[in-house]
Amino acid sequence: MEALDQRLNTFLESWLGPRDQRVRGWLLLDNYSPTLALTLVYLVVVWTGPKYMRHRQALSCKGLLVVYNMSLMLLSLCIFYQLVSALWNSSYDLYCQDTNSAPEVDNKVMNALWWYYFSKFIEFMDTVFFILRKNNHQLTFLHVYHHVSMLNIWWFVLNWLPCGHSYFGPTLNSFVHVVMYSYYGLSAIPAVRPYLWWKKYITQLQLIQFFLTVLQTMGAIIWPCGVPIGWLYFQILYMITLTVFFSNFYIQTYKKDKREELKNSTSLSTNGHSKRNAALKTKMN
Numbered sequence: 001m002e003a004l005d006q007r008l009n010t011f012l013e014s015w016l017g018p019r020d021q022r023v024r025g026w027l028l029l030d031n032y033s034p035t036l037a038l039t040l041v042y043l044v045v046v047w048t049g050p051k052y053m054r055h056r057q058a059l060s061c062k063g064l065l066v067v068y069n070m071s072l073m074l075l076s077l078c079i080f081y082q083l084v085s086a087l088w089n090s091s092y093d094l095y096c097q098d099t100n101s102a103p104e105v106d107n108k109v110m111n112a113l114w115w116y117y118f119s120k121f122i123e124f125m126d127t128v129f130f131i132l133r134k135n136n137h138q139l140t141f142l143h144v145y146h147h148v149s150m151l152n153i154w155w156f157v158l159n160w161l162p163c164g165h166s167y168f169g170p171t172l173n174s175f176v177h178v179v180m181y182s183y184y185g186l187s188a189i190p191a192v193r194p195y196l197w198w199k200k201y202i203t204q205l206q207l208i209q210f211f212l213t214v215l216q217t218m219g220a221i222i223w224p225c226g227v228p229i230g231w232l233y234f235q236i237l238y239m240i241t242l243t244v245f246f247s248n249f250y251i252q253t254y255k256k257d258k259r260e261e262l263k264n265s266t267s268l269s270t271n272g273h274s275k276r277n278a279a280l281k282t283k284m285n
């Protein structure tokens, strides 16, 4: 295994250049194989889990869901706070920030971003709960693509760009996750669920986040500061894919529901009018 890790590391460094030495020795970062292996295990669970649960009773998991979602909300809040407090009144540039010009801030950002990366492992449990509760309709391509890509992309980011310009997306995303996991934690409480009206706004927040991340990434292309251009183009491309998939989800989930509601309302109105006319004619006859 050690020889395989060494060959893989050599290949990656020949492709992407030398890794940032400041994160050497950090948990899960020295070798790509643990992240890759856990990703493959996750994909096996996605494939086999629904088959395993097919003839079994769905589990409620209500108490676990409250604890899980609220724990992730608190973790996201901590990451958001760490990033904002590190960046507040710092010399970091919004448009383009290299990885070696503000050592004290860089160290704080690297620590926060490692927790951000690690949280992506924990978020695999989103899928496990879907499977245990037999909510297989939620195991969409978007869901799996998002979970798998985020974990693996952030292993690479932390090894090559562990601070500097990388701070922006996770800061926004951590805030969105505070809102999102708060909603899911509260929605697991039956007495509270009827009062939660803001689910669709979470997707709107996510779309705004992608748009702002693209704008900020373009800033580093227009006003370069040493951030590798390939990483910037990759981030823009990735944000575009997420925008397309999340926009499709939003349209299918919320716009379609609204059209169905309008259609049903129109149908009821038409039928009611017809019934009143029929009753009037019967009475006159």
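According to UniProt numbering, the sequence shown is numbered sequentially starting from 1.
Here a beta-carbon is modelled for each residue, glycine too, at the ideal position from N, C-alpha and C.
#### Entry: Cut-off 8 angstroms between Cβ atoms - residues of its own chain near Lys62, not counting five sequence neighbours on either side
Ala188, Ile189, Pro190
### Task
May I have a chain-ordered list of the alpha helix (DSSP H) segments no shorter than 4 residues that lie completely inside the segment 134-200?
141-160, 168-187
### Message
Is the beta carbon of Ser174 closer than 8 angstroms to that of Met73?
### Response
no
#### Entry: Beta-carbon proximity check, Cys96 vs His165, cutoff 8 angstroms
yes
### Task
Within the same chain, show all residues whose beta-carbon is closer than 7 angstroms to that of Val214, passing over the 5 residues directly before and after it, in chain order.
Ile236, Met239
### Query
In three-state DSSP terms, what is Gln204?
helix
### Opening and closing residue of the alpha helix (DSSP H) in which Met73 lies
62-87
### Query
In this structure, does DSSP put Glu2 in helix, strand or coil?
helix
### Query
According to DSSP, is Tyr32 helix, strand or coil?
coil
### Message
Tell me the rounded alpha-carbon separation between Leu29 and Pro194.
### Response
43 angstroms
### Query
Which class does Phe124 belong to by DSSP, given the choice of helix, strand or coil?
coil
#### Entry: Boundaries (first-last residue) of the alpha helix (DSSP H) holding Gly230
229-250
### Query
Which of the three DSSP states, helix, strand or coil, is assigned to Asp20?
coil
### Query
With 16 other CB atoms within 10 Å as the buried threshold, where does Met1 fall?
exposed
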